[in-house]
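A short write-up of the structure that comes next.
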Amino acid sequence: MQNSAADAIVTADGKPLKVSLAKALRRQRMFALALVAPLFIFVAISFIIPIADMLFRSVENGIVEEILPQTVKALESWDETSGELPDEAVYAAMVADLKVARKERTNTKVGQRLNYERSGMSSLFRGAGRKASRIKEPPYKEQLIKTDKDWGKVVTWQVIKQFSPNLTPGYYLAAVDAMQTPEGDIRFEDSEKAIHTKLFIRTMIMSVVITLMTLLLGFPIAYLIATQPAKIGNLLIILVLLPFWTSLLVRTTSWIALLQQQGVINDILVFVGIISEDGRLAMIHNATGSVIAMTHILLPFMVLPLYSVMKTVPPTYMRAATSLGAHPWPAFWKVYFPNTVPGIGAGAILVFILAIGYYITPELVGGTSGTFISNRIAFHIQNSLNWGLAAALGAVLLAIVLVFYLLYDKIVGIDNMKLG
Amino acid sequence: MKSFKSALIAAAVASVAAGAVTSAQAETELVVVSWGGAYSASQQGAYHDPYMAANSDVRIVNDDSSNAAVAKLRAMNEAGNVTWDLVDVVAADAIRLCDEGLAEIIDHDKVLAPAPDGTPASEDFGDLIVSECFIPQIVYSTTFGYRTDMVSSTPTSVCDVFDLEKFPGKRALEKNPINNMEWALLCDGVAPDQVYEVLGTPAGVEKALAKLGTIKDSVVWWTKGAQTPQLLADGEVVMGSTYNGRLFSVIEEEKQPIAMLWDWQVFDLDGWIVPTGTKNKEAVMEYLRFATDTQRLADQAKFISYGPARKSSAPLVGKHATLGIEMAPHMPTDPANSKTTLLYNYEFWADNRDDIDERFQSWLLQ
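So the sequence lines, in the order shown, correspond to chains A and B. Heads up, the numbering used here is the position in the first sequence plus 1, with the first residue counted as 1. Heads up, the numbering used here is the position in the second sequence plus 598, with the first residue counted as 1.
Right under this line is the structure:
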């Protein structure tokens, strides 16, 4: 016992070394944490919280129970598959709820929510706020149906009951073109009327095409910049960055002026005689327009990572390969190219992820065949105000990106990615 | 060195004093949200400048966010910090904002000035008060313009838009079912008073889409009001729909070879709402009383070819402020232009917009 106490090493001020070392380390850790804190708070506020909020909104549905509490309770005992209207008690509860809702101006709000599920609910609830306040005594059922015959339809009540729980899968179902029937079955929209799945698939295909196009155009440019002497290389880098500093809208509208049927390119082709006056090419307001404009806009995101990786590949590798007897092509393909894969990976991921979220460029030059799912999300945020559906579409898009990311990690390996 | 220092102090004192003076003068700053461009300029000329000249303690700041106003107002409301005082929106958005409780209910007769002859405001505006939160400002219409040099004969009917044989070439239509569906049904033989009855059924929607399908390959779909005038000026399309004021400026101000086709123009309204939770309610109401009186509404028509919403303003509409041309014949409400018209059906579209829009957009993808 005594021995071990005597053996314990102490610092100059008499404390055991272990304790004061731990103290110093803790102080260091706290200091490091304090340095990271601003960034951490920033990421939390601007990234984690909004995404969590979006995920929550895509299932949140408290509004029906909040505004029609008595009706929701009364509907619990009603069998929605019976095909019969609910009884008097439910109607009495609805009239009572509507009277409160009218006072608080919330009847139209719940009408809007339910109108996403069934057309006509908006005006039904707007009218009912006024009309229900005139109903003073029973029988409520008969009188309420008299104000609007929709109250006498089973489906009206089915929709209210189906969307009374606080959480709903409804938005996610709508995001994949499906809906839940009152019986609880999930029914998919006919393929010709399905809109979201079609747009998701198109968004993926076009983003892949755009990524390949930027790679095809960006690789030689990056190679040229990386192999030129610094003076010319810097100039070329500036040329790549120049469009970067120009407004996105300006670049997009310039493409309209160039590509439209009475535009510069068509004019030149007609003048040279390659196409006839009637055969002017449709290169904009379609998928071609979207691909061209977006390839141009996203090109720097491919060139820069490629360039920074190519810069680190010593030119001696290629020289060594050729001096050992390889032809230029195998030398390039077997020696140089594998060294640039980390740059290709970084560029491709950057371009692809930016491309699937683009919406203003496809909106302006995409016509009908070149629009993305993000155009639909923007519509639901700005115009239809169906934020729940917009959030569900966003969440699905996020899931798809994560799947692509994992696939990439599996095939190429995320550790192989290099930005420089 | 010393003089430099004292000059610096003097400058600092002066700037603080100046700041104090300006803040004493400009006690209230009203943030007015509108559409930007020529439209905001017309409001600046007709409402803001005269009001600020008469009330030196009010400063009006423009914010061009009307096209995203509904979404932004909802977000501001959820965050509990409404920074706007007055918002210019189309009637359909006003109804929606009112429904959501995001706009104040207005007592029109109490807040707004009566007509010069004493008619109360609610009567002077009449049916145009489509929501209890909405203060109408102008009547505008969505209608067609065509290139006079690219047609072999003059189009006179909206159905000429659907006639590819007589008028070959591309057309610009809005990427939105509203208005297009009505025009398609009218040109497919549906009686004008039955349009919404037909459109309210799935079969009616398919019927309208089938009619639109006859020209689908020749349509350039627009999303912003400025696109059609540009497409017409470039000769990209032969005819196209847009707001009548946009066509007026490309015809009269830009002198392009374009003419109006007023047949079955669709009237719509644009006006003010006061957002719930504004911090300057009193000042806004005072401003509104001035900006929506009979003379002010008539003045706005000097700058842009939209019809004033008050009945009493119509006789006061004069000449364009810079071009000097009579504005009355360019108004959508002029009798010569309004032989056949539709009024935007607010209730129908509030109920059916989500469904029909989804069907329309999926039809576009086919």
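Don't be surprised by glycine CBs; every beta carbon is placed ideally from N, CA and C.
Asked, Found
"By a C-beta neighbour count over all protein chains shown, 10 Å radius and 16 as the cutoff for buried, is L365(A) buried or exposed?", "buried"
"Classify D80(A): buried if its beta carbon has 16 or more other beta carbons within 10 angstroms, exposed otherwise.", "exposed"
"Please go through the region 337-390 of chain A and give each complete alpha helix (DSSP H) segment of 4 or more residues, from N-terminal end onward.", "338-357, 361-366, 374-383"
"Would you mind giving the Cβ-Cβ distance between Y318(A) and V336(A), rounded to the nearest angstrom? I have them listed as a contact below 8 Å.", "5 Å"
"Rounded to whole angstroms, what is the Cα-Cα separation between A624(B) and D655(B)?", "Since pLDDT at A624(B) reaches only 49, below the 50 mark, its modelled position is unreliable, and no value is offered."
"Between which residues of its own chain and T148(A) is the CB-CB distance below 6 Å, once the five residues before and five after are set aside?", "K132"
"Terminal residues of the continuous beta strand (DSSP E) containing L334(A)?", "The sequence shown places Trp at residue 334(A), rather than the Leu named in the question. Element bounds for W334(A): n/a, residue is neither H nor E."
"What did DSSP end up calling G875(B) once you bin it into helix, strand or coil?", "coil"
"Rounded to whole angstroms, what is the Cα-Cα separation between Q263(A) and G348(A)?", "35 Å"
"Between the Cα of V156(A) and the Cα atoms of Y172(A), A129(A), G171(A), L115(A), which residue gives the shortest distance?", "L115(A)"
"Should M31(A) go down as buried or exposed, given a rule of 16 or more other Cβ atoms within 10 Å for buried?", "exposed"
"Do A356(A) and M295(A) come within 9 Å of each other at the CB atom, strictly closer than that value?", "yes"
"Measure the alpha-carbon distance for F865(B) versus T939(B) and round it to whole angstroms.", "7 Å"
"In whole angstroms, give me the CA-to-CA distance for L784(B) and W947(B).", "17 Å"
"Give me the Cα-Cα distance between I412(A) and F220(A), rounded to the nearest whole angstrom.", "21 Å"
"In whole angstroms, what is the alpha-carbon distance linking Q863(B) and A934(B)?", "12 Å"
"Checking contacts by CB at 9 Å: is Q71(A) closer than that to chain B?", "no"
"My assumption, with CB atoms under 8 Å, is that F245(A) sits in contact with P301(A). Please give the rounded CB distance.", "5 Å"
"Suppose you measure from the CA of E780(B) to the CA of L859(B); what does that come to, to the nearest Å?", "16 Å"
"For I382(A), return the contacting residues in chain B, with the cut-off set at a CB-CB distance below 7 Å.", "A669"
"In whole angstroms, give me the CA-to-CA distance for K162(A) and E118(A).", "12 Å"
"Taking K1(A) as the reference, give the member of L125(A), M214(A), M303(A) with the closest Cα.", "Shown here, chain A extends from 2 to 421; a query on residue 1(A) therefore has no answer."
"Would a C-beta distance cut-off of 9 Å place P718(B) and H706(B) closer than the cut-off?", "yes"
"Using alpha carbons as the reference points, say which of K805(B), L886(B), R745(B) lies closest to K853(B).", "R745(B)"
"Go through its chain and collect everything with a Cβ distance to A622(B)'s Cβ below 8 Å, but skip five positions before and after it.", "Note on A622(B): pLDDT 47, under 50, position unreliable in the model; the coordinate value appears next. Closer than 8 Å at Cβ, skipping near neighbours: no residue."
"Along the region 702-713 of chain B, what residues have a CB closer than 9 Å to any CB found in chain A?", "I703"
"For chain A, find out if any of its Cβ atoms is closer than 9 Å to the Cβ of V818(B); answer yes or no.", "yes"
"Exposed or buried, which one is L384(A) when buried takes at least 16 other CB atoms within 10 Å?", "The sequence given here places Asn at residue 384(A); Leu does not occur at that position. Its Cβ being crowded by 16 or more others within 10 Å, N384(A) is buried."
"Per the DSSP calculation, I856(B) is bridged to which residue(s)?", "R745(B)"
"Please report the distance separating the alpha-carbon of Y360(A) from that of F373(A).", "7 Å"
"With distances taken Cα to Cα, identify the nearest neighbour of L810(B) among L829(B), G743(B), Y794(B), E772(B).", "E772(B)"
"Return the CA-CA distance between R203(A) and H197(A), expressed in angstroms with no decimal places.", "10 Å"
"Residues of the region 353-372 of chain A in Cβ contact with chain B at a cutoff of 7 Å, in chain order, please.", "E364, G368, T369"
"Between which two residues does the alpha helix (DSSP H) carrying Q181(A) extend?", "Element bounds for Q181(A): not the alpha helix (DSSP H) but the beta strand (DSSP E), 179-181."
"Among T931(B), D647(B), P712(B), Q964(B), which one has its Cα closest to the Cα of T741(B)?", "T931(B)"
"Please confirm whether V630(B) and L684(B) have their CB atoms less than 9 Å apart.", "yes"
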